[in-house]
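Asks: Protein chains in written order, with full-length UniProt numbering: chain A, 1 to 380; chain B, 1 to 473.
Glycine residues also receive a C-beta, built at the ideal position from the N, C-alpha and C atoms.
Quick caveat, the model's predicted, so the values are computed rather than measured.
Supplied in structure tokens, the structure appears directly below.
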Amino acid sequence: MSEGEMAIIKPEMMKSYIWLETADGSIQQVEQEVAMFCPMICQEVIQKGVGSSKNYAISLPQRVNPAMLSLIFDYCRFHQVPGRSNKERKVYDEKFIRMDTKRLCELTSAADSLQLKPLVDLTSRALARIIEGKTPEEIREIFHLPDDLTEEEKLEPLKNTMDDPRIRLLNRLYAKKRKELKEREKLKSVEVEEHVDERSVDDLLSFINGRDPKVVKTSKSKKKNKKRKEQKNGSSNGTCEALEKDLHNLDSKSQSAEIVDNTASCLGDVSNLPSMEDDIFTPKTEFEDGYIDDEIDPALKELLDREVEDFARRLNSSWVLSIGQERQPVNFSINGNGTSRRLTGTCYPFFLVNLYIYGNSVAQGAVELNYLSVLEIGHT
Amino acid sequence: MDAPNPKRPCLVPLGTSSIENPCSLPIAPDFNQSNIDLTISSFLSLSDLPLFSLPLSIGCSFDRVLDNVIPSIAGTSRDEFDQDRFLDRTLQLASLLYKSTKRCIRKRATLQNSTSWPLLPELTIKVFSMLDTKSLMQASACCTMFNKCAMDRVCYSHIDLTTAAEDVDNGVVCVMIHRAGKELRSLKLGSISSSAEPTTSLLTRSCLTPLTFNHGFTGGHLRSLHLYHLRMIDCGSLSPVLSACLNLTDLKIVGLISGSRDNPLEQLGLLTRNCRLIEHLFIEIYGAAGLITDSSLLEFAANCPNLSSISLLGFLLNDAILQKLIKGFRRLKHINLSSSPEISGCFFRGLELCGKDSPLETLILRDCYILKESEVLLFLNSLLAGDFKYIRLIDVSNVDGLVCDGGNRTFEPRFPIEELKKQRSNVTFVAIFESQSSLSSSSSGEVYSDGTSSWTSNYNSAEEEHDNDLDSV
Numbered sequence: 001m002s003e004g005e006m007a008i009i010k011p012e013m014m015k016s017y018i019w020l021e022t023a024d025g026s027i028q029q030v031e032q033e034v035a036m037f038c039p040m041i042c043q044e045v046i047q048k049g050v051g052s053s054k055n056y057a058i059s060l061p062q063r064v065n066p067a068m069l070s071l072i073f074d075y076c077r078f079h080q081v082p083g084r085s086n087k088e089r090k091v092y093d094e095k096f097i098r099m100d101t102k103r104l105c106e107l108t109s110a111a112d113s114l115q116l117k118p119l120v121d122l123t124s125r126a127l128a129r130i131i132e133g134k135t136p137e138e139i140r141e142i143f144h145l146p147d148d149l150t151e152e153e154k155l156e157p158l159k160n161t162m163d164d165p166r167i168r169l170l171n172r173l174y175a176k177k178r179k180e181l182k183e184r185e186k187l188k189s190v191e192v193e194e195h196v197d198e199r200s201v202d203d204l205l206s207f208i209n210g211r212d213p214k215v216v217k218t219s220k221s222k223k224k225n226k227k228r229k230e231q232k233n234g235s236s237n238g239t240c241e242a243l244e245k246d247l248h249n250l251d252s253k254s255q256s257a258e259i260v261d262n263t264a265s266c267l268g269d270v271s272n273l274p275s276m277e278d279d280i281f282t283p284k285t286e287f288e289d290g291y292i293d294d295e296i297d298p299a300l301k302e303l304l305d306r307e308v309e310d311f312a313r314r315l316n317s318s319w320v321l322s323i324g325q326e327r328q329p330v331n332f333s334i335n336g337n338g339t340s341r342r343l344t345g346t347c348y349p350f351f352l353v354n355l356y357i358y359g360n361s362v363a364q365g366a367v368e369l370n371y372l373s374v375l376e377i378g379h380t
Numbered sequence: 001m002d003a004p005n006p007k008r009p010c011l012v013p014l015g016t017s018s019i020e021n022p023c024s025l026p027i028a029p030d031f032n033q034s035n036i037d038l039t040i041s042s043f044l045s046l047s048d049l050p051l052f053s054l055p056l057s058i059g060c061s062f063d064r065v066l067d068n069v070i071p072s073i074a075g076t077s078r079d080e081f082d083q084d085r086f087l088d089r090t091l092q093l094a095s096l097l098y099k100s101t102k103r104c105i106r107k108r109a110t111l112q113n114s115t116s117w118p119l120l121p122e123l124t125i126k127v128f129s130m131l132d133t134k135s136l137m138q139a140s141a142c143c144t145m146f147n148k149c150a151m152d153r154v155c156y157s158h159i160d161l162t163t164a165a166e167d168v169d170n171g172v173v174c175v176m177i178h179r180a181g182k183e184l185r186s187l188k189l190g191s192i193s194s195s196a197e198p199t200t201s202l203l204t205r206s207c208l209t210p211l212t213f214n215h216g217f218t219g220g221h222l223r224s225l226h227l228y229h230l231r232m233i234d235c236g237s238l239s240p241v242l243s244a245c246l247n248l249t250d251l252k253i254v255g256l257i258s259g260s261r262d263n264p265l266e267q268l269g270l271l272t273r274n275c276r277l278i279e280h281l282f283i284e285i286y287g288a289a290g291l292i293t294d295s296s297l298l299e300f301a302a303n304c305p306n307l308s309s310i311s312l313l314g315f316l317l318n319d320a321i322l323q324k325l326i327k328g329f330r331r332l333k334h335i336n337l338s339s340s341p342e343i344s345g346c347f348f349r350g351l352e353l354c355g356k357d358s359p360l361e362t363l364i365l366r367d368c369y370i371l372k373e374s375e376v377l378l379f380l381n382s383l384l385a386g387d388f389k390y391i392r393l394i395d396v397s398n399v400d401g402l403v404c405d406g407g408n409r410t411f412e413p414r415f416p417i418e419e420l421k422k423q424r425s426n427v428t429f430v431a432i433f434e435s436q437s438s439l440s441s442s443s444s445g446e447v448y449s450d451g452t453s454s455w456t457s458n459y460n461s462a463e464e465e466h467d468n469d470l471d472s473v
């Protein structure tokens, strides 16, 4: 070809366009360099050869609408020019990001579907900056989100969803680990008896009838909540640690005690507890699948108290039956004030376990159990 | 208004039957589910009837039905009992209906939200992974979709619980670590400002044990651990945790408790025994009084060959130990040994041998009580002679001034500042010798960097700057 013809052809080649079709059917053309900046379009052109003419327009994913497309191409048009300095690019990016949040979200989505990673990062970071430091109400307002969490879920954002099987498995692993840790501790200081089963029934019965237990009631329809347990342990550990130091000083077979308390008010009680004596039978609690409740409103507390008394009575009578068994779900119903409640197995499974006795004062006669902690016998 | 409604009779029989037959309150066995559903749906569709001024009339109907419960004549106690039960049960039904409706509303909202939210879950998770921990928690309390996205483990890869130190307890830490799983990379706990009452912290010594669970599964992924003023944190409680953190490169403990008889360096060795990849070590120890032995130093040096930044505050290191330390860690770039009351500076002399090629970049010896002016002078002269070509920051500030040759203390040492500025212009030399309260513009404290003079701020922020320095390194 002659020089002149080449010169004529070149400008045409330089102005090559790529044809794109958005999900709503509108077709537009963009300069090739700009469009090729997007990996997805690039791929389509190279692999499938489409986009060269109006009839063979590249069909874009659904999330890209024409408005977003033009924004994206503005971005590409700026950044694909190699000669720009980093500072220039940054300044452009800052200005580019200034739009309302809805458009920002749509832009992120569109950029993601076109696989334009730098723009995705930029927009994601802008969204993160918007969310940062705001309260949930503000965030809901900005993004027009519905308020569809229960009060409970809102107050406890750190609670795990119980349905996750991974969590249940991990709970069991944690339980095992805790047991191992405690075993190691025990081996260091004390000679210990591991299994509840070997204890005599009388000891336990006498505990229920005569001792002054400061044990904690666990109940609730929630299943294992190891985190709350550890939370409990954590909150009471402060006072317990002082007590534990006393305990370790004792020259006996007494095991180190651990107390878990339900409410903050009980922590006061815990700190008043005297150190242990030898003759008191003090098994260790194993919080395997313990059920712990943090916030019990007064009405529920009352109900729980009644339940516990009832349970204690049943315990006396049915203890011989249930001891030695792995797990014994207990169903019972309580009548009081004319209302009848039926607590079914799924709601309140109680697992009879090691009971914690704490305190050296032996109260004669029946003792009102404020809280009863019921935990698992043996191992999982 | 009182025209009988063909659908209303459904209610009345139930009411009357329960009054007549109080024993049948528990659901009869042949009253199957579809009947109940039909009854309920017909009751709920009552409100669709246009003929009546709706709430008013339904309210009146309710009143009428319930009024039937109250007997005109005082009945037997058994009747009263049944009436109580009936009314209680009605309340129960009302509350169940209310809760059920709320649940339905929530479910609908969730559904609508999931269709209208423009981002894919992966993108939402990506945005959340750029949030700090506190904002993440706020976001997770917004709606169910955010809640679910915020549970993804990528969001918990850098956990920073120092901003909410009063509310954090062991359970929270456990939950977060557990959620992070294998994505856990950095963990910061405690309250950074030591002015906060340490007793208000809810964290105990065992707060880090989740790192050791499952044979140290999460601990093994952890790269950076910062602990600020945790209660009663000592080597005994930390060493099982750190032995699980095999890939730890950055360890910072502010407020480590040491027994008065324990060799602090040995304890340090115990702590870092398994962390062979450690590069940045910052330990501020309280109560260290034990003797430091050479063997413990050797062990420590052998265990952590990659150490490039070491900050040991409150350790009773003396010059000999320091010299060996610097020689032992070949890659040491940043040294901060502030508050070491036994360092007089004669270790500088020993450094001359390795001074030429020393990779040392930062040397901070603030508040070293017996630091001698002459020794610092020697060091500066060696700088002028060309040693320590990588050094960038030297800090010998001291509230009590430096020790002169005569045994007095000087607040205006004679250092060759001008020549230093000329020859080594990229070196920052910090030497503030007055307490911050009496700082004035023309007093003896001087800071030079690139020929300009400006004050450095007080210790804490200088430390943070130092940290930032490290971060950018």
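(1) Give every residue of the same chain whose Cβ lies closer than 8 Å to the Cβ of L384(B), excluding the five residues on either side of it in the sequence, and list them in chain order.
(2) Run the CB neighbour count on residue 531(B), radius 10 Å, all protein chains shown included, and call it buried at 16 or more, exposed below.
(3) Look at the alpha carbon of I159(B) and the alpha carbon of A180(B), and state the distance between them as a whole number of angstroms.
(4) Would C23(B) count as contacting chain A if we go by Cβ distances under 7 Å?
(5) Identify the residues that DSSP records as bridge partners of I310(B): which are they?
(6) Which residues does DSSP list as the beta-bridge partners of Y286(B)?
(7) For A57(A), decide whether its Cβ has a neighbour in chain B, counting only Cβ atoms nearer than 7 Å.
(8) Assuming S296(B) and G269(B) are in contact, meaning their beta carbons sit under 8 Å apart, how far apart are those beta carbons, in whole angstroms?
(9) Of all the options Y17(A), Q47(A), R89(A) and I46(A), which has the alpha carbon lying nearest to the alpha carbon of K54(A)?
(10) Candidates T108(A), R103(A) and L122(A): which alpha carbon is nearest E94(A)'s?
(11) Could you check if F81(B) is buried or exposed, using at least 16 other CB atoms within 10 Å of its CB as the buried criterion?
(12) When DSSP builds the beta bridges, which residues end up paired with S224(B)?
(13) With 8 Å as the limit, tell me which residues of the stretch 99-111 of chain A have their beta carbon closer than that to any beta carbon of chain B; keep them in chain order.
(14) DSSP state of S100(B), grouped into three classes?
(15) Could you check what DSSP says for F115(A) in three-state terms: helix, strand or coil?
(16) Comparing the C-beta of K126(B) with each C-beta of chain A, is any distance below 7 Å?
(17) When the distance is taken between beta carbons, is I131(A) closer than 7 Å to A139(B)?
(18) Look at the alpha carbon of G83(A) and the alpha carbon of S135(B), and state the distance between them as a whole number of angstroms.
(19) Going by the beta-carbon positions, is the gap between L363(B) and I394(B) smaller than 7 Å?
(20) Cβ of E21(A) within 7 Å of Cβ of S59(A)?
(21) Apply the 10 Å Cβ neighbour rule to T124(B) and answer buried if 16 or more other Cβ atoms are within range, or exposed otherwise.
(22) Just reading off the alpha helix (DSSP H) that T144(B) is part of, what are its end residues?
(23) Consult DSSP for D147(A) and reduce its assignment to one of helix, strand or coil.
(24) CA-CA distance, L93(B) and L87(B)?
(25) Report the three-state DSSP secondary structure of S124(A) (helix, strand or coil).
(26) So, with DSSP's three-state summary, where would you put residue 513(B)?
(27) For F37(A), is the classification buried or exposed, using 16 other Cβ atoms within 10 angstroms of its Cβ as the cut-off for buried?
(28) What are the boundary residues of the beta strand (DSSP E) that includes Y17(A)?
(29) Are the beta-carbon atoms of P264(B) and A302(B) separated by less than 7 Å?
(30) What's the gap between the Cα of T218(B) and the Cα of V427(B)?
(31) With 7 Å as the threshold, decide whether the Cβ of S237(B) is near any Cβ in chain A.
(32) Check for me: the beta strand (DSSP E) holding D160(B) runs from which residue to which?
(33) So, is the C-beta of R106(B) closer than 7 Å to a C-beta in chain A?
(34) Which same chain residues, not among the five before or five after Q267(B), have their C-beta less than 6 Å away from its C-beta?
(35) If you compare alpha carbons, which of L149(A), G49(A) and P66(A) is closest to residue 409(A)?
(36) Cα separation between C346(B) and C304(B)?
Replies: With the structure as the only source:
(1) The residue labelled residue 384(B) in the question sits at position 384 within the second sequence. Contacts found: P416, E419, L420, Q423 and R424.
(2) Lying outside 1 to 473, the shown extent of chain B, residue 531(B) is not represented and no answer is given.
(3) Numbered from its first residue, the second sequence carries residue 159(B) at position 159. Numbered from its first residue, the second sequence carries residue 180(B) at position 180. So the alpha carbons of these two residues sit roughly 9 Å apart.
(4) Within the second sequence, numbered from 1, the residue matching residue 23(B) stands at position 23. Confidence in C23(B) is poor, its pLDDT being 41 and thus under 50, which makes the residue's placement unreliable; the coordinate value appears in the next sentence. C23(B) does not count as touching chain A.
(5) Position 310 of the second sequence, counted from the first residue, corresponds to residue 310(B). Paired residue(s): L281(B) and I335(B).
(6) Position 286 of the second sequence holds residue 286(B). For Y286(B), which the question treats as bridged, DSSP gives the partners I257(B).
(7) The residue given as residue 57(A) occupies position 57 in the first sequence. Chain B contact via Cβ: absent.
(8) Along the second sequence, read from residue 1 onward, the residue named residue 296(B) stands at position 296. Along the second sequence, read from residue 1 onward, the residue named residue 269(B) stands at position 269. With 8 Å as the limit, S296(B) and G269(B) qualify as a contact, their Cβ atoms being about 6 Å apart.
(9) Numbered from 1 along the first sequence, position 54 holds the residue referred to as residue 54(A). Of Y17(A), Q47(A), R89(A) and I46(A), the residue nearest in Cα terms is Y17(A).
(10) Against the first sequence, residue 94(A) aligns to sequence position 94. Closest option to E94(A), Cα to Cα, is L122(A).
(11) Numbered from 1 along the second sequence, position 81 holds the residue referred to as residue 81(B). Per the 10 Å Cβ criterion, exposed.
(12) Residue 224(B) sits at position 224 when you count from the first residue of the second sequence. S186(B) and D250(B), per the DSSP bridge assignment.
(13) K102, C105, E106, T108 and S109
(14) As a working mapping, residue 100(B) is identified with position 100 in the second sequence. Three-state DSSP puts S100(B) in a helix.
(15) Taking the first sequence and counting its residues from 1, one reaches residue 115(A) at position 115. The question names Phe, but residue 115(A) in the sequence shown is Gln. In the structure shown, Q115(A) sits in coil (DSSP, three-state: anything other than H, G, I, E or B).
(16) Residue numbering aside, residue 126(B) sits at position 126 when the second sequence is read from its first letter. Chain A, which has a Cβ nearer than 7 Å to the Cβ of K126(B), makes this yes.
(17) Translated into positions along the second sequence, residue 139(B) becomes position 139. Translated into positions along the first sequence, residue 131(A) becomes position 131. Cβ atoms of A139(B) and I131(A): closer than 7 Å.
(18) Here the question's residue 83(A) lines up with position 83 in the first sequence. Here the question's residue 135(B) lines up with position 135 in the second sequence. Approximately 38 Å between the Cα atoms of the pair.
(19) The residue labelled residue 363(B) in the question sits at position 363 within the second sequence. The residue labelled residue 394(B) in the question sits at position 394 within the second sequence. Cβ distance < 7 Å, so L363(B) and I394(B) count as in contact.
(20) Residue 21(A) sits at position 21 when you count from the first residue of the first sequence. Residue 59(A) sits at position 59 when you count from the first residue of the first sequence. For E21(A) and S59(A), yes; Cβs fall inside 7 Å.
(21) If you number the second sequence from 1, residue 124(B) lands on position 124. Its Cβ being crowded by 16 or more others within 10 Å, T124(B) is buried.
(22) Stepping through the second sequence from its first residue, residue 144(B) is reached at position 144. T144(B) -> alpha helix (DSSP H) spans T144 to C149.
(23) Residue numbering aside, residue 147(A) sits at position 147 when the first sequence is read from its first letter. If DSSP states are grouped into helix, strand and coil, D147(A) belongs with coil.
(24) What you label residue 93(B) is simply residue 93 of the second sequence in a count that begins at 1. What you label residue 87(B) is simply residue 87 of the second sequence in a count that begins at 1. So the two alpha carbons sit approximately 10 Å from each other.
(25) What you label residue 124(A) is simply residue 124 of the first sequence in a count that begins at 1. Three-state result, S124(A): helix.
(26) Absent from the structure is residue 513(B), since the part of chain B shown begins at 1 and ends at 473.
(27) Here residue 37(A) is taken as the residue at index 37 of the first sequence, counted from 1. F37(A) is buried by the Cβ-count criterion.
(28) Against the first sequence, residue 17(A) aligns to sequence position 17. Here the beta strand (DSSP E) through Y17(A) covers Y17 to E21.
(29) Reading the second sequence from its first residue, position 264 is the one you call residue 264(B). Reading the second sequence from its first residue, position 302 is the one you call residue 302(B). Not closer than 7 Å, so no.
(30) Counting from one through the second sequence, the residue named residue 218(B) turns up at place 218. Counting from one through the second sequence, the residue named residue 427(B) turns up at place 427. The straight-line gap from Cα to Cα measures roughly 41 Å.
(31) Position 237 of the second sequence, counted from the start, is the residue given in the question as residue 237(B). Closer than 7 Å: no.
(32) Your numbering for residue 160(B) matches position 160 in the second sequence. Note, D160(B): beta strand (DSSP E), H158 to D160.
(33) Here residue 106(B) refers to the residue found at position 106 of the second sequence. Yes, R106(B) counts as interfacial toward chain A.
(34) Here residue 267(B) refers to the residue found at position 267 when the second sequence is read from its first residue. The answer, listed in chain order, is C235.
(35) Any answer about residue 409(A) is impossible in this case: the structure gives chain A only from 1 up to 380.
(36) Here residue 346(B) refers to the residue found at position 346 of the second sequence. Here residue 304(B) refers to the residue found at position 304 of the second sequence. Rounded to whole angstroms, C346(B) to C304(B) spans 25 Å at the Cα level.
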